[in-house]
Every structure is written in C-alpha cells, then in structure tokens.
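These notes concern the structure reproduced below.
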C-alpha cells in the first residue's frame, strides 16, 4: 500500500497521478500531488517505479497501512529500492535477463 510521498523530493511531474491504475493520487495544480485514496492502492508499485526522483514508498503489504517515518525510509534506503531492484535506475542494466523464465521469450535460435 502506498505509504509515503516525500514532498521535498517531489518535482511535481505528476507521473504517479497519471500511471496509477486505481486513481490513488489527487493532482494539484502547481503543487505536490496528494495521496487521497490510500485504501484504493493495490500495491502494484507502478508509482514508485515511474517516480524519477524516488519520492514515493509503497509498503509490500497491500491490505494495511504501516507506521514508517520519512527519516526511517531515508536511513534504511527503502526509498528508491524498488526502482533499483527492477533495474530502472539511471545507468543500470535491466534485470529481466536474470529471470530464468526470460529464456522462453527469446527469439528462437538465440
């Protein structure tokens, strides 16, 4: 479930608003978006994945909110960890090729 939006990191690009399949965020003209429908979050991680400045944290438990402070997120390195683990940080190689099932999607003869 979406837990934290770090306002000081947010660049107001609204990618989270546009990408969220369940309309969790509310766009505010010229301001940081707001998590306005937290209970609608399905923990798909799309907002966290697409956030270019790692301003979002989605907790892995989809059905309940967790108590976590912004400082704790920054200290533990959880902010941005999903993008890093997926290979979406700048300069990273995609991690899909590390998935054993990946070989089934390669063109034949490769």
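Residue numbers (this note's numbering): 2 to 111. The beta-carbon is built from N, C-alpha and C at its ideal position, and this holds for glycine as well. Treat the numbers as computed from the prediction; the structure is a model and nothing was measured.
Between which two residues does the alpha helix (DSSP H) harbouring residue i extend?
| i | result |
| --- | --- |
| residue 16 | 16-20 |
What number of angstroms, rounded off, separates the C-alpha of residue i from the C-alpha of residue j?
| i | j | result |
| --- | --- | --- |
| residue 26 | residue 85 | 23 Å |
| residue 60 | residue 81 | 12 Å |
| residue 87 | residue 44 | 15 Å |
| residue 33 | residue 54 | 13 Å |
| residue 64 | residue 92 | 34 Å |
| residue 18 | residue 90 | 20 Å |
| residue 39 | residue 76 | 24 Å |
| residue 66 | residue 101 | 33 Å |
| residue 10 | residue 22 | 23 Å |
| residue 5 | residue 56 | 8 Å |
| residue 42 | residue 58 | 12 Å |
| residue 94 | residue 50 | 15 Å |
| residue 28 | residue 72 | 25 Å |
| residue 37 | residue 46 | 17 Å |
Which one or two residues does DSSP pair with residue i in a beta bridge?
| i | result |
| --- | --- |
| residue 69 | Answer by DSSP bridge pairing: none, since residue 69 is not bridged. |
| residue 27 | 35 |
| residue 58 | 5 |
Can you name the start and end residues of the beta strand (DSSP E) that residue i belongs to?
| i | result |
| --- | --- |
| residue 50 | Run containing residue 50: none in the beta strand (DSSP E); it sits in the alpha helix (DSSP H), 47-51. |
| residue 4 | 3-6 |
Where does residue i land, buried or exposed, given buried means 16+ other C-beta within 10 angstroms?
| i | result |
| --- | --- |
| residue 96 | exposed |
| residue 99 | exposed |
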